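For reference, the structure is listed below as structure tokens.
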Amino acid sequence: MADYFSSRDPYPSNYKVYLGMWTNWSRGPVFGATLTLDRRQGSVLISFTAFFVTIVASRFWRIACSIIHRKLSAAEDRDTLHHQRQAIFRNSSSSGSGLWSLIQISWAWRQAARKSLSRTFPPIAFASICLLAFSLASGFSSSISTTIGDEVLVNGANCGYVNSLIGKNNSHNSWLEWSGSLISNAANYAQQVYSPARTGIFSNTAYVRKTLDTTYNRQAPCPFQGICRSNTSNLLLDTGYISIRDHLGVNLQPDEDILYRTIAHCAPLMTEGRSEPTQYHGSLNYTGYSYGPKIRPTGDGTDRGYTIVSNYTIVVGDSYSQSIMESNMTTASGYGIVLASSLTADGDAWSGTFLPEKALRRPDADIYLYFLSGNGVYTSEPVYDPWYRSYIPSQYESYLVRRDGLTTSRITTYQPAEAASPLGCMMQYQICQGSSANKDSCGPLASFNDAIEGAYPHFGVDPSVTMEEAIYATPPNKRVGRFLWWLEIMSYYPNDIQPVVWKMGSRSLASSRTLTGVIQGPLPKEQWKVDVSNWWNISLSLLQASLVDTANGATDPNFARLQVNATTKGQKSLCQNQKILSTSYTSVSLFGLFIIYIPGVLIIILSLVLDPILSYSQKRWKNREYENLEWACNETLQLQRLAYEESGQGDWSACIDSVPVTTAEQELAPLNVMDPKHPRLRRFKLPDSSKEFPVSHPSNDEHSPDTSDNQEDGALQEEHQASDVSSLGIDRQQFTEGYQSGDQALHAADDAAVPAPGTNSPTRISAG
1 MADYFSSRDP
11 YPSNYKVYLG
21 MWTNWSRGPV
31 FGATLTLDRR
41 QGSVLISFTA
51 FFVTIVASRF
61 WRIACSIIHR
71 KLSAAEDRDT
81 LHHQRQAIFR
91 NSSSSGSGLW
101 SLIQISWAWR
111 QAARKSLSRT
121 FPPIAFASIC
131 LLAFSLASGF
141 SSSISTTIGD
151 EVLVNGANCG
161 YVNSLIGKNN
171 SHNSWLEWSG
181 SLISNAANYA
191 QQVYSPARTG
201 IFSNTAYVRK
211 TLDTTYNRQA
221 PCPFQGICRS
231 NTSNLLLDTG
241 YISIRDHLGV
251 NLQPDEDILY
261 RTIAHCAPLM
271 TEGRSEPTQY
281 HGSLNYTGYS
291 YGPKIRPTGD
301 GTDRGYTIVS
311 NYTIVVGDSY
321 SQSIMESNMT
331 TASGYGIVLA
341 SSLTADGDAW
351 SGTFLPEKAL
361 RRPDADIYLY
371 FLSGNGVYTS
381 EPVYDPWYRS
391 YIPSQYESYL
401 VRRDGLTTSR
411 ITTYQPAEAA
421 SPLGCMMQYQ
431 ICQGSSANKD
441 SCGPLASFND
451 AIEGAYPHFG
461 VDPSVTMEEA
471 IYATPPNKRV
481 GRFLWWLEIM
491 SYYPNDIQPV
501 VWKMGSRSLA
511 SSRTLTGVIQ
521 GPLPKEQWKV
531 DVSNWWNISL
541 SLLQASLVDT
551 ANGATDPNFA
561 RLQVNATTKG
571 QKSLCQNQKI
581 LSTSYTSVSL
591 FGLFIIYIPG
601 VLIIILSLVL
611 DPILSYSQKR
621 WKNREYENLE
631 WACNETLQLQ
641 RLAYEESGQG
651 DWSACIDSVP
661 VTTAEQELAP
671 LNVMDPKHPR
681 LRRFKLPDSS
691 KEFPVSHPSN
701 DEHSPDTSDN
711 QEDGALQEEH
721 QASDVSSLGI
731 DRQQFTEGYQ
741 SGDQALHAAD
751 DAAVPAPGTN
761 SPTRISAG
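Residue numbering for the sequence shown follows the UniProt record's numbering, beginning at 1 and increasing consecutively.
Shown next as structure tokens:
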């Protein structure tokens, strides 16, 4: 038989992915709203979202500060701590800067101000909460992607499966190559993911579920009637209900789901009375096995007829014929496996390669027999496995040619007790409509054909038609079309254990990994269960790949020419809704984006319109007039205006707007830094003159304890200023009297505001 395991991969490892908005129904219609972007666009969106959250945080802080500032506003005299706190609320741009400023004033007034801690702790706590909350929100904004995971939709534009029945040149050979490649890939995947000795190379897979679960019963009863080698130590494998939605990644709503279950119940069979020597092809010695006559189906799928072609189920070379081989250890072809099948329809065998005898007949299952031949393989130790049964001693001779002559070595090995050893498997299937399995939604647990036809009523298919007729019929609606398209895929895709064994042959055996040349290493007593489990795992890998590969479509022209494409709405509903896992793209939760951006935009808009609305309210209805005026005047530029205006500088307008302005080309004085530790604004500037006159007031005791010295300094400064005034043509006496009277008025106001020692009355800070 030709080797159809090609190194050519029929499907690319990087699937074509749908980019845009879609609904991941496994997360629901709200939380499942998803946007898929390529990796670069996704990174930009996530980064911008984190930046957007920081903007929202600053605008939220401005709203909070506006409300707090107005609530704390008072037209009565308050201490300095109150006014500094108000200035911080008005001018801090973020919760971080506000927090730091509040901590600073709390520390500065920790002893001087009344109840400073109780008055600063609440705003400090609030600023801390805002800072922490929005920092976490910014950090976790990436969760709009991570909570969705790596699920993306396959772009199903090229959806279809390869059909060997399409009448094109070499179509059957191309199909064999296609299916052989699929099985080879699945075997590799099963070895890396399902096997107990898995290496973890495929730690990241494209399938939404890395593996499909199986229930193992390694002490199962015999699936047939008194023909098993053991009645208590057989193998039963059950997938349970596999959801094409949850397990195979089809993006459907729960009521559109399809549940699929398969059971394999296997046991080594007795050969007593069922094998005999026979002549085949002349004088060669063969052994014939009779578990029912060999047949050849004569129908076309709808006509279930057959013809008996032999009384033997299979015929293989006898043990002696298999052992005749060259002694070179590299010439063995490995174990031989011959497959016999019997398919059941309406409870009777109707197709396959043999008609089972009564002991093997099951009206509720398909029957497969796997005959294992040693084919010249010897075991290094006796093997008492009920399928391998290699315990007959023999002498194995090997020859090695050297320069000094021929060297012969002889070792004791063991060969199979029979020409072929049968293993019988009963296969059952069940199909359910919807997300729950019950008698009202499931067909019978039966053969593949009867399981499909028994599920027809649950999917709205006419139960009077056969499986073949239903597959090729025009579906009346989307649900029926989706179900029939799935049946086509399941029928033509090699996703069961029998095509695995048929195509892989001895390579499907786990024992082949310890086979060197013609010598088989030691095997456990129940090696056959390991082999069947390996077949099972490969079939599960194929089942996982079936819908994904169909949605992606064949890209190799040799296979694409045999592809049956999806055309109806029902077919496309499977093709365009196949999920896979991919780290090459970013899937973002639209619900998460809405939660972030909609409130965020509203907060930004509110922060921008709040002050204008309150300002308009104040002007229109005189509502909370002082609160709004204090809010306007505590802004940085307005505080600067107040300082300059109180020092007699500038002709100001826009005094309650964001930016106060002076008349054109008007200049303001710099700081008076005569005392570097107490800089002030100069209070007076002569009109139409570039000369500026600093104002210096006698300091209080804290700054200047020597009053007489201060008086002398003030008199000297006054003398210098008066001299400058005279040089400008201004009456000296008039200037001096005006200056002294204004200065004395300021001192009187300051003295009136200084509390007596031990009192708690607030201190008013002079503008000078």
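Every residue gets a Cβ at the ideal spot worked out from N, C-alpha and C, and that includes glycine. All values derive from a computational prediction rather than experimental measurement.
Legend entry - Where Leu235 falls: helix, strand or coil (DSSP): In this structure, Leu235 counts as strand in the three-state DSSP scheme.
Legend entry - Option in Arg362, Lys622, Ser658 with minimal Cα separation from Cys633: Out of Arg362, Lys622, Ser658, the CA that lies nearest to the CA of Cys633 is found in Ser658.
Inset, instruction - Under 8 Å by Cβ, that's how I've got Trp536 and Thr214 pegged, so tell me the actual separation to the nearest angstrom. - result: With a Cβ gap of about 7 Å, Trp536 and Thr214 count as contacting.
Inset, instruction - May I have the straight-line CA-CA distance separating Val338 from Pro196, to the nearest angstrom? - result: Near 27 Å, if we compare the C-alpha coordinates of Pro196 and Val338.
Inset, instruction - Given a cut-off of 8 Å, decide if Tyr161 and Tyr493 are closer than it, judged by their beta-carbon atoms. - result: yes
Legend entry - Residues near Ser508 by beta carbon distance below 8 Å, same chain, minus five either side: Ala187, Ile337, Val500, Val501, Asp531, Asn534, Trp535, Ile538
Inset, instruction - Take the Cβ of Trp350 as the centre, count every other Cβ of all protein chains shown within 10 Å, and call the residue buried at 16 or more, exposed below. - result: With a threshold of 16 other beta carbon atoms within 10 Å, Trp350 meets it and is buried.
Legend entry - C-alpha distance - Ala206 paired with Ser546, whole-angstrom precision: When rounded, the distance between both Cα atoms is 12 Å.
Inset, instruction - Counting only runs of 4+ residues fully inside the stretch 526–561, write out the alpha helix (DSSP H) ranges in chain order. - result: 527–552, 557–560
Inset, instruction - Consider the C-beta atom of Asp257 and the heavy atoms of the ligand ATP; say whether any pair is separated by less than 7 Å. - result: With respect to the ligand ATP, the structure offers nothing, as it holds no ligand at all.
Inset, instruction - Compare the beta carbon distance of residue 776 and Ser587 with 8 Å and say whether it is the shorter of the two. - result: The chain is shown from 1 up to 768; residue 776 falls before or after that span and cannot be answered.
Inset, instruction - Please list the segments of the beta strand (DSSP E) lying wholly inside the stretch 139–179, counting only runs of 3 or more residues, in order along the chain. - result: 151–153, 160–162
Inset, instruction - Figure out for me which residue from Ala566, Ser94, Thr353, Tyr189 has the closest Cα to the Cα of Lys294. - result: Taking only the C-alpha atoms, the option nearest Lys294 is Thr353.
Inset, instruction - Go ahead and pull the three-state DSSP assignment for Trp387. - result: coil
Legend entry - Beta-carbon gap between Glu453 and Met467 smaller than 8 Å: yes
Legend entry - N- and C-terminal bounds of the beta strand (DSSP E) containing Ala349: 348–352
Inset, instruction - Answer yes if the stretch 369–386 comes into contact with the stretch 413–425, meaning at least three C-beta pairs across the two stretches below 8 Å, and no otherwise. - result: yes
Inset, instruction - Specify whether the stretch 517–528 and the stretch 151–160 touch according to this definition: at least 3 beta carbon pairs, one from each stretch, less than 8 Å apart. - result: Contact between the stretch 517–528 and the stretch 151–160 is not established, with fewer than three Cβ pairs separated by less than 8 Å.
Legend entry - Buried versus exposed, by CB contacts within 10 Å (16 or more), Met504: buried
Legend entry - Cα-Cα separation, Ile258 to Phe51: Ile258 and Phe51 have their C-alpha atoms roughly 44 Å apart.
Inset, instruction - Alpha carbon to alpha carbon, how far is Asp348 from Asn375? Give it in angstroms, no decimals. - result: 34 Å
Legend entry - Residue of Ala420, Ala419, Glu418, Ser447 minimising C-alpha distance to Ile431: Ser447
Inset, instruction - Give the range of the alpha helix (DSSP H) segment to which Lys619 is assigned. - result: 590–621
Legend entry - With 16 other Cβ atoms within 10 Å as the buried cut-off, status of Lys529: Taking all protein chains in view, the Cβ of Lys529 is crowded by 16 or more other Cβ atoms within 10 Å, so the residue is classified as buried.
Inset, instruction - Please name the residue, chosen from Trp631, Ile471, Tyr597, Glu635, that lies closest to Gln571 on a Cα-to-Cα basis. - result: Ile471
Inset, instruction - Classify Gly742 as helix, strand or coil using the three-state DSSP reduction. - result: Here Gly742 scores only 45 on pLDDT, less than 50, and its place in the model should not be relied on; the value that follows carries that caveat. In the three-state reduction of the DSSP assignment, Gly742 falls in the helix class, which pools H, G and I.
Inset, instruction - State the DSSP-derived secondary structure class of Lys503, mapped to helix, strand or coil. - result: helix
Legend entry - Contact set for Tyr18: own chain, Cβ-Cβ below 6 Å, skip 5 residues either direction: Correct list, in chain order: Leu153, Asn155.
Inset, instruction - Please determine, among Val53, Pro29, Trp25, Thr36, the residue with the shortest C-alpha to C-alpha distance to Leu602. - result: Val53
Legend entry - Neighbourhood of Asp246 by C-beta, 7 Å cutoff - its chain only, sequence neighbours within 5 removed: Ser26
Inset, instruction - Could you tell me whether the Cβ atoms of Leu360 and Ile227 are closer together than 8 Å? - result: By the CB criterion at 8 Å, Leu360 and Ile227 fall inside the cutoff.
Inset, instruction - May I have the straight-line CA-CA distance separating Pro10 from Thr555, to the nearest angstrom? - result: Residue placement at Pro10 cannot be trusted, given a pLDDT of 44 that sits under 50; what the coordinates show is reported in the next sentence. Those two C-alpha atoms are separated by around 7 Å.
Legend entry - Those runs of the beta strand (DSSP E) which lie wholly inside the stretch 30–111 and span at least 3 residues: 33–38
Inset, instruction - Leaving aside the five residues before and after Lys525 along the sequence, list all residues of the same chain whose C-beta is less than 7 Å from its C-beta, in chain order. - result: Tyr384, Asp385
Legend entry - Residue span of the beta strand (DSSP E) that contains Thr636, given as start and end: Boundaries for Thr636: no beta strand (DSSP E) harbours it, while the alpha helix (DSSP H) harbouring it runs 636–646, taken from the DSSP string.
Inset, instruction - Go through its chain and collect everything with a Cβ distance to Ser512's Cβ below 6 Å, but skip five positions before and after it. - result: Ser506
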